[in-house]
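Engineer: First, the structure itself, so that you have it in front of you.
Residue numbers (this note's numbering): 401 to 847.
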């Protein structure tokens, strides 16, 4: 599942890197969408046993495996179904009753619009005796995309790219997306009503905010048009986004365009949302793996946020506290972090938030040979690179300088993938994992 170039030597650094990788593998195993969904279906069996027609829909990086679990559980009882996954997202297995559609990610295209319209066609005309099971996972917000009337696809694409390049967090990104979309922010639930909706959700959002996961298509939306405009203003984007978007948001602010469904709306009396896997459950499995290796574990946070290079310094400071003061743990120990940092893109290089986080941490722990740090995107994709993340230690920076590589220059140019490629022995490759529970990181310290 995880591939990286760690040398076969039996020295401390190589052993620690291999241990960090083994611990990360356990986190990915625990977030497997097939078994997580199957377990949830069994737990919720009483709620989902009474229906006339059963329709399965889904969107996101984990929706294929989640759909396999639904076919295993329901078999021929499925009336119709369709899921959307990223284009060229290779999956093992075969769906017999659920159609597989594709879309582009993270920037939506005409393909996404066509696939979204196909999904909506399956829930049109259902009645109160019917049941729709919605499979939601990371990537769903970009995939399930249908712009509001008056906003062109190119305009929506431009807004998404501007927000991503500005380094907004997932909550900010999704707030704007909801208010220029016809399906996000509870609007899918409104289209399904009066049929019942049962959403099984794999969370890729810090804190498991249902309204933020895939932009909350079956959840009440507490955000407003005013919030969306404020986000654009705060990131100095008001004059850069297309006029159609600004016009739509201002019409919403004036009450001339209907707001997204809010808490208390009657449609949500027919909706049940269930989280089947999240970041904390993956971190807990990683901690148990460490314990089995006689390494003291500490799950420090599943709420990791902030600029990646700044967060890397903080993680480095925690490593120093453990090395020099044996606080909050005495080595051998492992500290676990989960969440999603951001990168404000100012350079022209290739990389991602996990690689920036790792390089920044490596700079901070330079010379601390007993410190190892690894961080990955659980979906197997980190930024615009082909890697999932990176593993570093206290020798990484000196090795780089010995090869004539300036880590600070690569970091400033957002070119961490090139840095690690030239250095060797650091990049973590997984390929598409078929799941997404945000980022997983481990700080490992030897005695």
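Note that the Cβ used here is the ideal one computed from N, Cα and C, for glycine as well.
Looking at the structure shown, is residue 755 part of a helix, part of a strand, or coil, going by DSSP?
Structural biologist: Helix, per DSSP.
Engineer: Within 10 angstroms of the Cβ of residue 755, are there 16 or more other Cβ atoms? Answer buried if so, exposed if not.
Structural biologist: Residue 755 should be labelled buried.
Engineer: Quick check: residue 509 and residue 546, are their CB atoms within less than 7 Å of each other?
Structural biologist: Result no, Cβ atoms of residue 509 and residue 546 do not sit closer than 7 Å.
Engineer: Report yes if the CB atom of residue 433 is closer than 7 Å to the CB atom of residue 602, and no otherwise.
Structural biologist: Closer than 7 Å, so yes.
Engineer: Excluding sequence positions up to five away, which residues of its chain have a Cβ less than 6 Å from the Cβ of residue 540?
Structural biologist: Correct list, in chain order: 459, 460 and 614.
Engineer: Between which residues of its own chain and residue 649 is the CB-CB distance below 7 Å, once the five residues before and five after are set aside?
Structural biologist: Excluding positions up to five away in sequence, the list reads 579, 625, 628 and 629.
Engineer: Helix, strand or coil for residue 480, going by three-state DSSP, please let me know.
Structural biologist: If DSSP states are grouped into helix, strand and coil, residue 480 belongs with the strands.
Engineer: Can you tell me whether residue 645 is helix, strand or coil according to DSSP?
Structural biologist: If DSSP states are grouped into helix, strand and coil, residue 645 belongs with the helices.
Engineer: DSSP beta-bridge partners for residue 821?
Structural biologist: Beta-bridge pairing links residue 821 to no other residue.
Engineer: Rounded to whole angstroms, what is the Cα-Cα separation between residue 560 and residue 544?
Structural biologist: Using only the alpha carbons, I get a separation of about 14 Å.
Engineer: Does the distance from the CB of residue 680 to the CB of residue 702 come in under 7 Å?
Structural biologist: Yes. Within cutoff.
Engineer: Report the rounded CA-to-CA distance for residue 785 versus residue 831, giving the unit in angstroms.
Structural biologist: Distance between the alpha carbons of residue 785 and residue 831 is about 11 Å.
Engineer: If the criterion is Cβ atoms closer than 7 Å, does the pair residue 770 and residue 692 meet it?
Structural biologist: No, the Cβ-Cβ distance between residue 770 and residue 692 is not below 7 Å.
Engineer: Using the Cα positions of residue 753 and residue 763, report the straight-line distance between them to the nearest angstrom.
Structural biologist: Going from the Cα of residue 753 to the Cα of residue 763 covers about 15 Å.
Engineer: Go ahead and label residue 820 buried or exposed: buried means 16 or more other beta carbons lie within 10 angstroms of its beta carbon, across all protein chains shown.
Structural biologist: Residue 820 comes out buried.
Engineer: Helix, strand or coil: which one does DSSP assign to residue 619?
Structural biologist: Reduced to three states, the DSSP call for residue 619 is coil.
Engineer: Within the same chain, show all residues whose beta-carbon is closer than 6 Å to that of residue 745, passing over the 5 residues directly before and after it, in chain order.
Structural biologist: Closer than 6 Å at the Cβ level, and outside the excluded window around residue 745, lie 565 and 814.
Engineer: Identify the continuous beta strand (DSSP E) that holds residue 790 and give its terminal residues.
Structural biologist: That run of the beta strand (DSSP E) goes 789 to 793.
Engineer: In this structure, does DSSP put residue 474 in helix, strand or coil?
Structural biologist: Residue 474 falls in the helix class under three-state DSSP.
Engineer: Cβ of residue 598 within 7 Å of Cβ of residue 535?
Structural biologist: In this structure, residue 535 does not lie closer than 7 Å to residue 598 by Cβ.
Engineer: Would you tell me roughly how many angstroms separate the C-alpha atoms of residue 760 and residue 609, rounded to the nearest one?
Structural biologist: Cα to Cα, the separation comes out at about 28 Å.
Engineer: Would you kindly check if the distance between the Cβ of residue 455 and the Cβ of residue 477 is under 7 Å?
Structural biologist: No, they are not a contact pair.
Engineer: Would you mind sorting residue 669 into buried or exposed? The rule is 16 or more other CB atoms within 10 Å of its CB.
Structural biologist: Label assigned to residue 669: exposed.
Engineer: What are the boundary residues of the beta strand (DSSP E) that residue 697 is part of?
Structural biologist: Per DSSP, residue 697 belongs to the beta strand (DSSP E) from 696 to 704.
Engineer: Could you say which of 794, 837, 660 and 781 lies nearest to residue 685 if we only look at CA atoms?
Structural biologist: Of the candidates 794, 837, 660 and 781, the one whose C-alpha sits nearest the C-alpha of residue 685 is 837.
Engineer: Residue 826 by DSSP, collapsed to three states: which one?
Structural biologist: It is coil, neither helix nor strand.
Engineer: Less than 7 Å between the beta carbons of residue 700 and residue 595, yes or no?
Structural biologist: Not closer than 7 Å, so no.
Engineer: Determine the extent of the beta strand (DSSP E) in which residue 639 is found, giving its start and end residues.
Structural biologist: From DSSP, residue 639 is part of no beta strand (DSSP E); its letter is neither H nor E.
Engineer: Using a threshold of 7 Å, state whether the C-beta atoms of residue 733 and residue 790 are closer than that.
Structural biologist: No, Cβ-Cβ distance for residue 733 and residue 790 is not below 7 Å.
Engineer: Where residue 822 and residue 780 are concerned, what is the direct C-alpha to C-alpha distance, given to the nearest angstrom?
Structural biologist: Computed Cα separation, rounded: 21 Å.
Engineer: Secondary structure at residue 677, three-state DSSP: helix, strand or coil?
Structural biologist: Here residue 677 sits in strand by DSSP.
Engineer: Can you grab the Cα-Cα spacing for the pair residue 644 / residue 793, in whole Å?
Structural biologist: Going by the C-alpha atoms only, they are around 49 Å apart.
Engineer: Given a threshold of 16 other Cβ atoms within 10 Å of its Cβ, counted over all protein chains shown, does residue 489 qualify as buried or as exposed?
Structural biologist: So residue 489 counts as buried.
Engineer: Taking residue 596 as part of the beta strand (DSSP E), name the residues at either end of that continuous run.
Structural biologist: From DSSP, the beta strand (DSSP E) with residue 596 extends over 596 to 602.
Engineer: Rounded to whole angstroms, what is the Cα-Cα separation between residue 577 and residue 571?
Structural biologist: Roughly 10 Å between the two C-alpha positions.
Engineer: Using the rule of at least 16 other Cβ atoms within 10 Å of the residue's Cβ for burial, across every protein chain shown, is residue 492 buried or exposed?
Structural biologist: With fewer than 16 other Cβ atoms within 10 Å, it is exposed.
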